[in-house]
Amino acid sequence: MMSRFQKNIDNIMKHEHKICQKILLKLEQNKSKVAECIATKADQFHYQIEDNYFRLFSIDLKEMTCSCRRWELTGIPCHHAIATIWVKKDEPEMYVPECYTTELYMKSYGPSILPINSSEECPKIGVEPALPPIYKTQPGRPKKLRKRGSDETSSKELDHKKHNSSKTSRKGKKKNCGTCGKTGHNSRRCPIIMQNHQEDVQQQLGREGSSSEPSNVTEVTRIINESQVPMQSSSSFVTKQTINQLNQHMAQPRE
Numbered sequence: 001m002m003s004r005f006q007k008n009i010d011n012i013m014k015h016e017h018k019i020c021q022k023i024l025l026k027l028e029q030n031k032s033k034v035a036e037c038i039a040t041k042a043d044q045f046h047y048q049i050e051d052n053y054f055r056l057f058s059i060d061l062k063e064m065t066c067s068c069r070r071w072e073l074t075g076i077p078c079h080h081a082i083a084t085i086w087v088k089k090d091e092p093e094m095y096v097p098e099c100y101t102t103e104l105y106m107k108s109y110g111p112s113i114l115p116i117n118s119s120e121e122c123p124k125i126g127v128e129p130a131l132p133p134i135y136k137t138q139p140g141r142p143k144k145l146r147k148r149g150s151d152e153t154s155s156k157e158l159d160h161k162k163h164n165s166s167k168t169s170r171k172g173k174k175k176n177c178g179t180c181g182k183t184g185h186n187s188r189r190c191p192i193i194m195q196n197h198q199e200d201v202q203q204q205l206g207r208e209g210s211s212s213e214p215s216n217v218t219e220v221t222r223i224i225n226e227s228q229v230p231m232q233s234s235s236s237f238v239t240k241q242t243i244n245q246l247n248q249h250m251a252q253p254r255e
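Structure, rendered in structure tokens:
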């Protein structure tokens, strides 16, 4: 801090302009854009600016404001303001705030910071140095993972990304049947398996009917429910639709 203060003082002493060097550079950059503006005078302090994109801006030289708001935010006249200042035949440096002058800059860095001695040269006051507080083990299982920063991803998010990157999504792909190889259905609803299953049920009902003739429709339903003949898929059994069809078939009068 001591050397920085003195370095700034030395640099500003070499600068001969009234305005600080960086502010003067920004002002020159704004002056180079004045050719894009056309100024129209409304009165002594109010002007209208039209740029090359046909956009309009209002300037108030008395209040030192521009509708683009760059002049209010930075205090440095924007290129719209510089165009109106030149129309008025003034200099843009006259509209720069006093806080950007070299005089106030030198006052800010005027007080110097004096050098200090090393810690060995400090006087002994006879007081013990302050020690850190005694560490107390917190209850619960201690954490083994380090605390990640706010800009780092957690371990759970890393595992989730790694798992998803190795797994390919099946979304948008056509699913084929594992039995017949056709699209539009899976192996549970394959017509071939459904047809074979219906034939097995009819054969079983035929064997049951030859041994003992069922007395009514509910007896047929009981036989089907007790048989629970599975399809080729381990999770599918006789459906209610099949039972209703068999009930209607058995309810028809026999010739």
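Okay, so the sequence shown: first residue is 1 according to the UniProt record's numbering, each after it adds one. All C-beta atoms, glycine included, are put in the ideal place defined by N, C-alpha and C.
Around the C-beta of residue i, are 16 or more other C-beta atoms found within 10 angstroms, so that it is buried, or is it exposed?
{"i": "residue 42", "result": "exposed"}
{"i": "residue 213", "result": "Since pLDDT at residue 213 reaches only 49, below the 50 mark, its modelled position is unreliable, and the value read off the structure follows with that caveat. Per the 10 Å Cβ criterion, exposed."}
{"i": "residue 57", "result": "buried"}
{"i": "residue 139", "result": "exposed"}
{"i": "residue 66", "result": "buried"}
{"i": "residue 78", "result": "buried"}
{"i": "residue 82", "result": "buried"}
Who pairs with residue i in a beta bridge, going by DSSP?
{"i": "residue 176", "result": "183"}
{"i": "residue 54", "result": "Partner(s): none; residue 54 has no beta bridge."}
{"i": "residue 66", "result": "59"}
Taking 9 angstroms as the CB-CB limit, is residue i close to chain C?
{"i": "residue 200", "result": "The displayed structure is made up of one protein chain only, and chain C is not part of it."}
Taking the straight line between their C-alpha atoms, what separation do you get for residue i and residue j?
{"i": "residue 91", "j": "residue 8", "result": "27 angstroms"}
{"i": "residue 154", "j": "residue 135", "result": "27 angstroms"}
{"i": "residue 20", "j": "residue 62", "result": "23 angstroms"}
{"i": "residue 157", "j": "residue 130", "result": "42 angstroms"}
{"i": "residue 5", "j": "residue 44", "result": "43 angstroms"}
{"i": "residue 73", "j": "residue 96", "result": "13 angstroms"}
{"i": "residue 132", "j": "residue 126", "result": "19 angstroms"}
{"i": "residue 205", "j": "residue 197", "result": "12 angstroms"}
{"i": "residue 76", "j": "residue 34", "result": "14 angstroms"}
{"i": "residue 144", "j": "residue 12", "result": "55 angstroms"}
{"i": "residue 103", "j": "residue 28", "result": "20 angstroms"}
{"i": "residue 146", "j": "residue 152", "result": "12 angstroms"}
**Asked** Counting only runs that start and end within the segment 8-46, where is the alpha helix (DSSP H) found for 4 or more residues in a row?
**Response** 21-31
**Prompt:** Mind pulling the alpha helix (DSSP H) runs of 4 or more residues that sit fully within the segment 78-157?
**Reply:** 79-87, 102-108
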